[in-house]
Amino acid sequence: MEKRVTFKGWMLPLLLIAPQVVISAVFFFYPAGQAIWQSLFIPDPFGLSMQYVGLGNFEFLLSDKFYRASFVTTAIFSILVTLCSMIPALFLAVLADRLIKGSGVYRTLLIWPYAVAPAIAGVLWLFMFNTRVGVVSWYLGNLGYDWNHVLNGGEAMGLVVVASAWGRISYNFLFFFAALQAVPKSVIEAAAIDGARFWKRFWTIVLPLLSPTTFFLLVVNIVYAFFETFGVIHTITAGGPQQTTTILVYKVFSDGFVGQDLGSSSAQSVILLIVVGLLTVIQFKFIEKRVHY
Amino acid sequence: MAREVHGMVEKRGAGLWLTHVFMIFGVLVIFFPIWLAFVASTVTQPEIVRPPMPIWPGDQFWENYSAALFSGVNVPVATMLFNSLVMAIGIAVGKIIISLLSAFAIVYFKFPGKTIFFWMIFLTLMLPVEVRIVPTFEVVASFGMLNSYGGLIFPLIASATATFLFRQFFLTIPDELAEAARVDGARPMRFFWDIVVPMSRTNVAALFVILFIYGWNQYLWPLLITTDPEMNTIVMGIKQMFPSGDDVAEWPVIMATSILAMIPPVIVVVGMQRLFIRGLVDSEK
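Protein sequence lines correspond, in order, to chains Z and S.
Per my numbering, the first sequence starts with residue 1, numbered consecutively.
Per my numbering, the second sequence starts with residue 1, numbered consecutively.
Written out as structure tokens, the structure reads:
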């Protein structure tokens with residue numbers, strides 16, 4: 001798509017586009033290039049010089065059992081976060097859609113958690129499940145269940161999943177609700193006249209009509225779980241116990257900043273870059289959002 | 001006829017009440033963590049460390065909130081709130097300005113290198129800051145921008161979402177307006193200020209809401225580059241309030257801080273709900 005009417009001159013447009021290009025170059029392209037470059041080196045034991053190792057860092061990573069474990073952890077984590085945030089959201093959206101009055105009030109209340117930062121959500125959930133003072137863990141203890149996410153990897157995973165999914169319920173709710181409101185009432189009414197009950201209508205008409213929204217949400221929630229949940233993990237588990245909640249982004253951070261292993265951390269960045277690239281391609285391809293130039 | 005069908009599709013009576021009951025239950029479950037944080041911010045430390053903590057607010061509201069705001073743990077929370085505000089507004093305003101300008105250039109001009117610049121901007125869509133943290137940190141450090149607002153803001157405006165949004169919108173502005181401006185001999189920047197910017201104000205506002213929350217809720221980046229507690233933002237600073245080792249955390253103050261950390265974005269989201277939803281749909285779809 002192009003404008004038929006354009007202004008003359010080339011100095012002005014270059015000046016106009018300059019701020020964005022300069023900021024992107026300095027804070028985006030240069031660091032991204034650095035990441036790719038550094039991924040081909042390892043520092044010597046004294047940190048004085050870098051030695052070229054080609055794809056050595058990648059080979060090492062792909063054979064490293066901790067890195068592979070982190071991949072599996074990330075996959076499990078993302079799938080669980082996506083399911084735990086989409087299913088309740090769809091349920092609530094279907095309920096809200098059935099109401100003629102009052103859905104606005106519920107919507108206002110339900111979008112609150114979206115505004116809460118993942119790291120703050122982490123603190124809130126940590127407080128409820130804290131092994132010493134947590135209300136929920138205290139009641140669980142009374143029921144005879146000894147909750148301890150500090151030692152138990154499964155419980156740690158459960159907690160970071162719920163804390164990460166919580167705020168996303170709001171987000172998914174808004175999209176599902178908008179999509180449900182857009183389902184033509186005439187189609188639903190026709191099915192109702194034919195005698196289809198609510199569940200039948202839901203499975204055979206509404207859900208298929210929601211599939212573009214559902215697919216879109218699947219992709220963006222996976223992207224969210226991959227990249228935006230760092231705050232939750234850092235506040236609740238710091239990747240532990242025994243790395244059971246170390247997702248890939250967390251590992252880039254802990255290897256790069258805590259472990260000071262720049263080569264490996266950069267190689268991990270490059271692998272993540274490829275993952276984001278693939279997810280973006282999938283997103284564009286299936287959502288039919290093409291960028292016209 | 002229509003009326004009967006209406007009755008079949010939209011529940012009344014018992015069904016309607018049941019829907020409300022489920023809905024209220026859902027809202028309560030989702031709200032519970034926030035409620036508990038609020039209660040914890042109004043009681044004393046001994047009430048919390050001897051579980052179960054109370055379920056209704058206590059009388060320590062002012063004590064805990066003033067302790068948090070004016071003394072905090074490492075730094076007064078008021079300072080962190082101010083830093084967050086500068087960061088969030090800086091990111092939102094900065095991104096909107098550079099995107100308006102570059103989208104205007106891309107849509108309304110033909111100039112050498114346009115295709116390359118366009119793809120350069122497009123590529124920045126793909127890589128969140130989380131992925132390139134180490135080298136970005138080095139760049140910012142080499143500029144001496146650690147512990148500065150510039151260091152907090154600039155790396156996070158290097159992204160193209162807003163540019164694409166404005167570009168899409170500018171393409172829908174009727175050509176006749178630009179034509180008329182050109183016939184009248186108006187300079188491009190005049191057209192930009194008098195026509196394009198005023199027409200974009202709803203988009204700008206919607207985007208501001210989304211970007212403000214994006215900036216406010218940043219965690220990893222401020223964690224890396226603000227080593228001086230005076231520069232901490234509230235979302236990352238809250239983690240620093242937990243003691244290391246076996247000491248017991250000062251829960252009432254921490255929970256008061258978490259409530260303070262969510263108030264500004266909640267006000268923005270709830271107060272500007274229409275713009276927020278519009279911004280969300282525009283920037284994601």
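All C-beta atoms in this analysis are idealised placements derived from N, C-alpha and C, irrespective of residue type, glycine included.
The model shown is predicted, which means the values in this text are computed figures rather than measured ones.
Assuming the contact rule is C-beta atoms closer than 8 Å, residue i and residue j should be a hit. Round their C-beta distance to whole Å, please.
i	j	result
residue 134/S	residue 262/Z	6 Å
residue 252/S	residue 43/S	6 Å
residue 223/S	residue 92/S	Actually they do not touch by this definition, with Cβ atoms about 20 Å apart.
residue 175/Z	residue 217/Z	6 Å
residue 241/S	residue 219/S	That pair is no contact at about 14 Å.
residue 24/S	residue 94/S	Contact flag wrong, Cβ pair sits at about 42 Å.
residue 73/S	residue 133/Z	Not a contact, Cβ separation roughly 17 Å.
residue 275/S	residue 209/S	5 Å
residue 38/S	residue 277/S	Wrong, their Cβ atoms sit about 26 Å apart, outside the cutoff.
residue 61/Z	residue 243/Z	About 15 Å separates the two Cβ atoms, so there is no contact after all.
residue 81/S	residue 234/S	5 Å
Taking 7 Å as the cut-off, decide whether the C-beta atoms of residue i and residue j are in contact.
i	j	result
residue 158/S	residue 23/Z	yes
residue 102/S	residue 181/Z	no
residue 130/S	residue 58/Z	no
residue 109/Z	residue 19/S	no
residue 169/Z	residue 88/Z	yes
residue 74/Z	residue 247/Z	yes
residue 226/S	residue 31/Z	no
residue 167/Z	residue 114/Z	yes
residue 167/S	residue 86/S	no
residue 266/Z	residue 255/Z	no
residue 42/Z	residue 26/Z	no
residue 190/Z	residue 205/Z	no
residue 239/Z	residue 224/Z	no
residue 160/S	residue 124/S	yes
residue 219/Z	residue 260/Z	no
residue 13/Z	residue 180/S	no
Determine, for residue i, whether the minimum Cβ-Cβ distance to residues of chain Z falls below 7 Å.
i	result
residue 286/S	For chain S, the structure presents residues 1 to 285; residue 286/S sits outside this window and is missing.
residue 83/S	no
residue 201/S	no
residue 130/S	yes
residue 208/S	no
residue 124/S	yes
residue 326/S	This structure cannot speak to residue 326/S, because chain S is shown only from 1 to 285.
residue 169/S	no
residue 262/S	yes
residue 51/S	yes
residue 162/S	no
residue 152/S	no
residue 135/S	yes
residue 179/S	yes
residue 226/S	no
residue 252/S	no
residue 175/S	yes
residue 327/S	Here chain S covers residues 1 to 285 and nothing more, so residue 327/S does not appear.
Counting contacts by CB-CB distance shorter than 7 Å, is residue i in contact with chain S?
i	result
residue 135/Z	yes
residue 98/Z	yes
residue 147/Z	no
residue 199/Z	no
residue 34/Z	yes
residue 106/Z	yes
residue 81/Z	no
residue 27/Z	yes
residue 43/Z	no
residue 120/Z	yes
Below 7 Å CB to CB, which residues in the same chain sit around residue i once its five sequence neighbours on both sides are set aside?
i	result
residue 161/Z	77, 80, 81 and 84
residue 122/Z	163, 231, 232, 235 and 236
residue 280/S	210
residue 231/S	83 and 147
residue 173/Z	89, 92, 93 and 110
residue 118/Z	164, 167, 228, 229, 231 and 232
residue 129/Z	136, 137, 147, 149 and 159
Once you ignore the five residues that flank residue i on each side, which residues in its own chain have a CB closer than 8 Å to its CB?
i	result
residue 47/S	53, 54 and 58
residue 151/Z	241
Among residues of its own chain, excluding the 5 on either side of residue i, which ones have a beta-carbon nearer than 6 Å to its beta-carbon?
i	result
residue 65/S	256
residue 70/S	76
Exercise. Hey, which unbroken runs of the alpha helix (DSSP H) at 4 residues or more fall wholly within the segment 93 to 176 of chain Z?
Worked result: 103 to 110, 112 to 115, 118 to 129 and 135 to 142
For this session: Please list the segments of the alpha helix (DSSP H) lying wholly inside the segment 92 to 163 of chain S, counting only runs of 4 or more residues, in order along the chain.
Result: 114 to 123, 133 to 142 and 149 to 157
For this session: List in chain order: all unbroken alpha helix (DSSP H) runs of 4+ residues lying wholly within the segment 9 to 59 of chain Z.
Result: 11 to 24 and 30 to 38
Problem set entry | alpha helix (DSSP H) runs wholly inside the segment 217 to 292 of chain Z, at least 4 long, in chain order | 230 to 236, 248 to 253 and 262 to 287
Exercise. In chain order, which continuous runs of the alpha helix (DSSP H) of length 4 or greater are located wholly inside the segment 29 to 84 of chain S?
Worked result: 45 to 49 and 61 to 70
Problem set entry | Entirely enclosed alpha helix (DSSP H) segments - the segment 232 to 257 of chain S, minimum 4 residues | 234 to 240
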